[in-house]
Every structure is written in structure tokens, then in C-alpha cells.
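J.:
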Amino acid sequence: GPPRSPPERPPAPSSDPGNPGGPPPPPRWNPGPPPGGAGPSGGVGPPGGGPLRGWGPAMGAFPPSQGGNHYYYYYNAGPPPRNPRPPDNNHDTLAREGKLDIQRPKSFTGQDSWKWRTFLTQCLNLFQAKPVTFQLDNARVAFAASYLQGIAFDHYTALLWFEPQSPILLNWQAFVNEFSTKFGVFDTVAKAKDNLFNLRMRPEEQFTTFIIRFEKEAYETRWNYNVLWYALQRALFQHIKDIL
896 GPPRSPPERP PAPSSDPGNP GGPPPPPRWN PGPPPGGAGP SGGVGPPGGG PLRGWGPAMG
956 AFPPSQGGNH YYYYYNAGPP PRNPRPPDNN HDTLAREGKL DIQRPKSFTG QDSWKWRTFL
1016 TQCLNLFQAK PVTFQLDNAR VAFAASYLQG IAFDHYTALL WFEPQSPILL NWQAFVNEFS
1076 TKFGVFDTVA KAKDNLFNLR MRPEEQFTTF IIRFEKEAYE TRWNYNVLWY ALQRALFQHI
1136 KDIL
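Going by the working numbering, the sequence shown runs without a break in its numbering and finishes at 1139.
In C-alpha cells, the structure reads:
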């Protein structure tokens, strides 16, 4: 009879579990060291100076070779490595700031003008401790307004209802100027000058305590050094002046 054809060879075993019986996949190469020696370590290029089936699709995303490190490529190894996502510093900072137990301002009613400066100081102290939480002006305004009561809150409510786009509601400095004019001391400089001129050191008062009271008014007066020195001399006891 006719000659019989030789039996077919069984296919070479495949190392790809998703393609049993198919040809073995092409070799995969690790990346070589990038320029400067940074990044993944240890890989080398295919033997013979170049890949047999061409460069992988990710080659164009890598920097050009420099110096002696010219094996920085992937050969059929998929997409290039990605840098890890940078940490969300603002998120972490907000979490930390949320745990800070800072004294809240006392409510301001608008009835006692001398309390306005204290109210502002307490707000600013909180803003200083939580700069990310209160980095926006409207957040500062909304926070301060939440501690208004009485006639001061009535004024804020009128602005909120009838002038919602007013800079007073959106800008912290505009808010401070508006409420300082209406509910604070009318002339803070004149008031500070009067306080400083009549300031006297109390009996048994520590000098450190007195000088803090003196400086509180002195900063506001904007007097020059000579005038401030004269006011300080008037306020001290003679035995303290003898030491100075």
C-alpha cells in the first residue's frame, strides 16, 4: 500500500497556563538600572545586544540612555512601573487638626464693645492652630458667625439673606472691618492712649505682669519710643525706676 506518513509530534509543553498546548511565550526581561543608578536593580538586556522580537511597547516611555547604564527597558514586560500615589498631605493634616482641642471663642452679642477684641483673638488663635481647616476666608467668616448672638447675629443674618454676595460674608478682613466698626471700640487708638496714660502699677504686682498690661496698650497707641518711655516712668513706683 502507499507509504504511511510519520506520526505528528505532540506540541511542545507551554508554560502559559492560559494557553495549554500552545507555543511557549517569549522571554520576559527585567528592567536594567536607570541612568544614575536609581530605580529597579539587577536586570540586563537580551543577549546579543537587542531583543529578537523588537522592543516592548513601553520603551518609548523611558528616558534616553546615559553613560554606561543603557539597559533601561522592558522587553514584552507590560507597562512601565508607576510611581506610588503621593500621600494626601491635606487629608492627613485635616485629620490631625480635627483632634486638636483648642478653646472655642465665647459668644459675642454686640452689647459690650470691649469684648469684640477678645472674641477676635480667640478666633485667630483657633485659625492659627488649624491653618488647613481654616485656609479659606469664607470658612473663617462662617465659623466666627456661628458664635454671634443678639444684635451682632441679627446684623449677620440680614447680610446673609439680603446681600449673600457681599464681601463681608466672603472675605475675612472685610468681615472684621464691618463688625469692628459697628460693634467694637469706635476709636481703638484713642482708647489705648487714654488707658496707657492712666495706667499705674498696682501694689504687690509683679513687674512682668505689669509690663504685659503696658505693652498691650502701647502697641495700639503707635507712640514713639520717647513718649512710651515717659508713660512707663509715670506708671512705675520709684524703687522700680531706680533699678531701671
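Here a beta-carbon is modelled for each residue, glycine too, at the ideal position from N, C-alpha and C.
Would you give the residue range spanned by the alpha helix (DSSP H) that Gly-1045 belongs to?
T.: Taking the sequence shown and counting its residues from 1, the one referred to as residue 1045 is at position 150. Counting along the chain, the alpha helix (DSSP H) containing Gly-1045 begins and ends at 1045-1057.
J.: For my contact list, Phe-1003 and Ala-1037 are in at a C-beta cut-off of 8 Å; report their separation, rounded to the angstrom.
T.: Numbered from its first residue, the sequence shown carries residue 1003 at position 108. Numbered from its first residue, the sequence shown carries residue 1037 at position 142. About 15 Å; that fails the 8 Å criterion.
J.: By the three-class DSSP mapping on this structure, what secondary structure does Phe-1003 have?
T.: Working through the sequence shown from its first residue, we reach residue 1003 at position 108. Note: Phe-1003 maps to strand in three-state DSSP.
J.: Classify Asn-1119 as helix, strand or coil using the three-state DSSP reduction.
T.: Position 224 of the sequence shown, counting from 1, holds the residue named residue 1119. Asn-1119 falls in the coil class under three-state DSSP.
J.: Measure the C-alpha to C-alpha separation of Thr-1103 and Pro-1059 and round it to an integer number of angstroms.
T.: Here residue 1103 corresponds to residue number 208 of the sequence shown, with the count starting at 1. Here residue 1059 corresponds to residue number 164 of the sequence shown, with the count starting at 1. Roughly 47 Å separates the two Cα atoms.
J.: Measuring alpha carbon to alpha carbon, tell me which residue in Leu-1127, Tyr-1051, Asp-1007 and Tyr-1114 is nearest Phe-1092.
T.: The count along the sequence shown starts at 1 and reaches residue 1092 at position 197. The shortest Cα separation from Phe-1092 among Leu-1127, Tyr-1051, Asp-1007 and Tyr-1114 belongs to Leu-1127.
J.: Rounded to whole angstroms, what's the CA-CA distance from Phe-1132 to Met-1096? Just pull it up for me.
T.: Here residue 1132 is taken as the residue at index 237 of the sequence shown, counted from 1. Here residue 1096 is taken as the residue at index 201 of the sequence shown, counted from 1. If I take the Cα positions, the gap works out to 7 Å.
J.: In three-state DSSP terms, what is Ile-1106?
T.: Here residue 1106 is taken as the residue at index 211 of the sequence shown, counted from 1. Helix.
J.: So for Pro-1098, helix, strand or coil by DSSP?
T.: Working through the sequence shown from its first residue, we reach residue 1098 at position 203. DSSP places Pro-1098 in coil when its eight states are reduced to three.
J.: When the Cα of Arg-1012 is compared with those of Trp-1067, Val-1080 and Leu-1031, which residue comes out closest?
T.: In the sequence shown, the residue the question calls residue 1012 occupies position 117. Comparing Cα positions, the closest option is Val-1080.
J.: Let me confirm a value: Ile-1063 is counted as buried when at least 16 other C-beta atoms fall within 10 Å, else exposed. Which label applies?
T.: On the sequence shown, residue 1063 is found 168 positions in, with the first residue counted as 1. By the neighbour-count rule (16 or more Cβ atoms within 10 Å), Ile-1063 is buried.
J.: Shortest alpha-carbon distance to Ile-997 belongs to which of Gln-1006, Asp-1049 and Phe-1022?
T.: In the sequence shown, the residue the question calls residue 997 occupies position 102. Selected option, being the one with the closest Cα: Phe-1022.
J.: In terms of alpha-carbon separation, which member of Leu-1019, Phe-1014, Phe-1078 and Tyr-1042 lies closest to Gln-1006?
T.: The residue given as residue 1006 occupies position 111 in the sequence shown. The residue with the shortest Cα to Cα distance from Gln-1006 is Phe-1078.
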